[in-house]
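Heads up: the sequence shown runs through residues 107 to 505, numbered per my numbering.
Glycine residues also receive a C-beta, built at the ideal position from the N, C-alpha and C atoms.
Keep in mind it's a predicted model, so treat the numbers as computed, not measured.
Just below is one structure, and these are the notes that go with it.
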Amino acid sequence: MDYFRIDQICDVNPPKDISRFKGMEISFIPMDAVSTTGEVDISRSISGDGVKNYSVFQNRDVLFAKITPCMENGKGGIVDDLKNGFGAGSTEFIVIRPDEKKVISEWIQLFLSQSSYRIECKNHMTGSAGQKRVPPKFIAGTAIPVPSVDEQRRIIFRIEEMFSELDNSVSTLQKTKAQLAVYRQAVLREAFSACNVYINIEDICESVSDGDHMPPPKEENGIPFIMISNINGNTIDWTDTAFVGKDYFYKIDNKRKPRKGDILYTVTGSFGIPVLIDFEKDFCFQRHIALLRPKKIVDQKYLYYALMEPGVYLQAVKKATGTAQKTVGLTVLRKISVPYAENIEQQQQIVFEIESRLSVCDSIEHTVDTALQQAEAMRQSILKQSGAADLSHFPEDGG
């Protein structure tokens, strides 16, 4: 089988010629329109006159998300059926235009979607934590196996057959997860339904503050600096963390240094996610995250669950401001009201009831997540056996 560098059989980030669609309406594809499994939502549109600051593409182009964590999550896909044949979207996409006499778009997408290749891309990322990107020249310089176009089509047809069966199983598992999410909301709603008193967050917290407004100094090791990208579910993912020096950390105001008993709360982008600090560890965090320090009149876990109660989250949704990224400002956050049980024992009883019911939910969800991981492993195994997965021909130093 022959090998070609991607830039020998594709245009990588081809020149932007906006004159071709000036005055016409074209598809608009921001990052959130591209899934981690290759689907692309083309329902939105934009005037071709207003795409100067966007990436542009055409039917059959392959989009590859270059920024963390979108790249690691597998965001990318083939764009087709674009309005008037053209589209514009996030500048965080690398646009790959195959010469389909040599290689079809599905073959390129097949190769780029492999988790093993994404790991190699991650190893070649440049930039600071939270803003790391894959250099386009790394993608361009990767040599990939390229059989004949007929062979490419045959392999892809068989893979799609197997993926279809796998997707049916995944769809069932995802529906189960969605049902569990609804159940969680019902548990929280019912648990707090007996609370007739609502109180503003600022009235039950010693302080409500945000993180650092300045970029942290870079350190190889030191005190972890948590970005919003490190918030995974209701926990902190420490695996890809920036660090600041101890001197820098010690100068931060104490009310902005998390301690055991505090609660973090995301306020920008994926806002409304609380994280329970029930451990001892020095770290600091960026301004897109708020820190709530409960008074002694409220149990930490009680406030944590109250922040997830559907009605409380809805307040944040209604009061969030901004366009590209919605933000819940600290002034707004302090005025959000939560259900309140005045007696600590009552609060702890409510927490007990919530955790008793959610423990069953957690067990089922763990089983579902394990099955989804196994399905993804099967998907990658299919890719590996497809003939597109010889990953031994990477460019040196990303070039």
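query = For K181, does the count of other Cβ atoms within 10 angstroms reach 16, so buried, or fall short, so exposed?
reply = Mapped onto the sequence shown, residue 181 falls at position 75. Buried, by the Cβ-count rule.
ask   = In chain order, which beta strand (DSSP E) runs of at least 3 residues are fully inside the region 116-145?
value = 116-118, 131-135
request  = List the DSSP bridge partners of G182.
outcome  = Here the question's residue 182 lines up with position 76 in the sequence shown. Its beta-bridge partners are F170.
message = What would DSSP say about R463, mapped onto helix, strand or coil?
response = Residue mapping note: residue 463 aligns to position 357 of the sequence shown, counting from 1. Correct three-state label for R463: helix.
inquiry  = With three or more beta-carbon pairs closer than 8 Å as the criterion, would you say the region 362-377 touches the region 419-435?
reply    = yes
task = Excluding the 5 residues preceding and the 5 following D117 in the sequence, name in chain order all residues of the same chain whose CB lies nearer than 7 Å to its CB.
result = Position 11 of the sequence shown, counted from the start, is the residue given in the question as residue 117. Closer than 7 Å at the Cβ level, and outside the excluded window around D117, lie R203.
task = Let me know the secondary structure DSSP gives D405 once reduced to three states.
result = What you label residue 405 is simply residue 299 of the sequence shown in a count that begins at 1. It is coil, neither helix nor strand.
message = Would W213 pass as an interface residue toward chain C - the criterion being a Cβ-Cβ separation below 8 Å?
response = The structure shown contains no chain C; it is built from a single protein chain.
task = Please classify Q215: does DSSP put it in a helix, a strand, or coil?
result = Counting from 1 along the sequence shown, the entry for residue 215 is found at position 109. The answer is helix: DSSP assigns Q215 an H, G or I state.
ask   = Exposed or buried, G504, counting other C-beta atoms within 10 Å across all chains shown (16 or more means buried)?
value = Numbered from its first residue, the sequence shown carries residue 504 at position 398. Only weak support is given to the placement of G504: the predicted model assigns it a pLDDT of 43, under 50, and the value that follows is read from those uncertain coordinates. Burial call: buried.
task = Give the secondary structure of G195 by DSSP, where H, G and I count as helix, E and B as strand, and everything else as coil.
result = Translated into positions along the sequence shown, residue 195 becomes position 89. Note: G195 maps to strand in three-state DSSP.
message = Taking the straight line between their C-alpha atoms, what separation do you get for R166 and S443?
response = Here residue 166 corresponds to residue number 60 of the sequence shown, with the count starting at 1. Here residue 443 corresponds to residue number 337 of the sequence shown, with the count starting at 1. Approximately 50 Å between the Cα atoms of the pair.
Alpha-carbon spacing of Q133 relative to A477, whole angstroms = Within the sequence shown, residue 133 is the residue found at index 27, counting from 1. Within the sequence shown, residue 477 is the residue found at index 371, counting from 1. Reading off the sequence, residue 133 comes out as Ser, not Gln. When rounded, the distance between both Cα atoms is 36 Å.
message = Quick check on DSSP: helix, strand or coil for F389?
response = On the sequence shown, position 283 is the one that residue 389 refers to. Here F389 sits in coil by DSSP.
query = Hey, would you say C301 sits closer than 8 Å to P445, going by beta carbons?
reply = Your numbering for residue 301 matches position 195 in the sequence shown. Your numbering for residue 445 matches position 339 in the sequence shown. Their beta carbons are under 8 Å apart, which means C301 touches P445 by this criterion.
ask   = Just curious, the beta strand (DSSP E) that N306 is in, first and last residue?
value = Here residue 306 refers to the residue found at position 200 when the sequence shown is read from its first residue. Start and end: 303-306.
query = Do you know offhand how far E308's Cα is from V201's?
reply = Walking along the sequence shown from the start, residue 308 turns up at place 202. Walking along the sequence shown from the start, residue 201 turns up at place 95. Each residue's Cα considered, the two are about 47 Å apart.
message = Rounded to whole angstroms, what is the Cα-Cα separation between I488 and F127?
response = Position 382 of the sequence shown, counted from the first residue, corresponds to residue 488. Position 21 of the sequence shown, counted from the first residue, corresponds to residue 127. Looking at the two C-alpha atoms, the distance is approximately 39 Å.
task = Determine the contact status of L409 and I450, defining contact as a CB-CB distance below 8 Å.
result = Mapped onto the sequence shown, residue 409 falls at position 303. Mapped onto the sequence shown, residue 450 falls at position 344. In this structure, I450 does not lie closer than 8 Å to L409 by Cβ.
ask   = If we ignore side chains and look at the alpha-carbon of each, how far apart do T372 and A396 end up?
value = By one-based count along the sequence shown, residue 372 stands at place 266. By one-based count along the sequence shown, residue 396 stands at place 290. Using only the alpha carbons, I get a separation of about 6 Å.
Selection from L382, E386, L439, C390 that minimises the alpha carbon distance to Y411 = As a working mapping, residue 411 is identified with position 305 in the sequence shown. Of the listed residues, the one whose Cα sits closest to Y411 is L382.
query = Mind checking Y109: buried by the 16 CB within 10 Å criterion, or exposed?
reply = Residue numbering aside, residue 109 sits at position 3 when the sequence shown is read from its first letter. Classification of Y109: exposed, given that the 10 Å Cβ count is below 16.
ask   = DSSP on F349, reduced to helix/strand/coil?
value = Locating residue 349 in the sequence shown gives position 243, counting from the first residue. Strand, per DSSP.
query = When you compare only the Cα positions, how much space is there between F500 and G183?
reply = Here the question's residue 500 lines up with position 394 in the sequence shown. Here the question's residue 183 lines up with position 77 in the sequence shown. Here F500 scores only 46 on pLDDT, less than 50, and its place in the model is too uncertain to base an answer on.
For D256, the three-state DSSP class (helix, strand or coil) = The residue labelled residue 256 in the question sits at position 150 within the sequence shown. Three-state result, D256: helix.
inquiry  = Quick check on S498: buried or exposed, where buried means 16 or more other Cβ atoms within 10 Å of its Cβ?
reply    = For the purposes of this step, residue 498 is taken as the residue at position 392 of the sequence shown. Note that S498 scores a pLDDT of 41, beneath 50, so its modelled location is shaky; the value from the coordinates is reported in the next line. Per the 10 Å Cβ criterion, exposed.
request  = Compute the Euclidean distance between the alpha carbons of F331 and Q392, then round it to the nearest angstrom.
outcome  = Along the sequence shown, one-based indexing puts residue 331 at 225. Along the sequence shown, one-based indexing puts residue 392 at 286. Taking the straight line joining both Cα atoms gives about 7 Å.
query = For E266, does the count of other Cβ atoms within 10 angstroms reach 16, so buried, or fall short, so exposed?
reply = Translated into positions along the sequence shown, residue 266 becomes position 160. Burial call: exposed.
request  = Identify every residue that forms a DSSP beta bridge with C311.
outcome  = Numbered from its first residue, the sequence shown carries residue 311 at position 205. DSSP lists P400 as partners of C311.
request  = Report yes if the C-beta distance between P339 and S219 is below 8 Å; otherwise report no.
outcome  = The residue given as residue 339 occupies position 233 in the sequence shown. The residue given as residue 219 occupies position 113 in the sequence shown. A quick correction: the sequence has Gly, not Pro, at residue 339. No. Outside cutoff.
ask   = W344 to P241, Cα distance in whole Å?
value = For the purposes of this step, residue 344 is taken as the residue at position 238 of the sequence shown. For the purposes of this step, residue 241 is taken as the residue at position 135 of the sequence shown. Distance between the alpha carbons of W344 and P241 is about 24 Å.
ask   = Under three-state DSSP, which class holds D113?
value = In the sequence shown, residue 113 corresponds to position 7, counting from 1. Helix, per DSSP.
ask   = Between L464 and R295, is the Cβ-Cβ spacing less than 8 Å?
value = On the sequence shown, residue 464 is found 358 positions in, with the first residue counted as 1. On the sequence shown, residue 295 is found 189 positions in, with the first residue counted as 1. Against a cut-off of 8 Å, the Cβ pair of R295 and L464 comes out as no contact.
ask   = Exposed or buried, what is D496 when buried is set at 16 or more other beta-carbons lying within 10 Å of its beta-carbon?
value = Within the sequence shown, residue 496 is the residue found at index 390, counting from 1. Residue confidence is low: D496 scores 49 on pLDDT, short of 50, so the model does not pin down where it sits. Its coordinate-derived value is still stated next. Flag for D496 reads exposed.
key: For Y160, three-class secondary structure by DSSP   = In the sequence shown, the residue the question calls residue 160 occupies position 54. Note: Y160 maps to coil in three-state DSSP.
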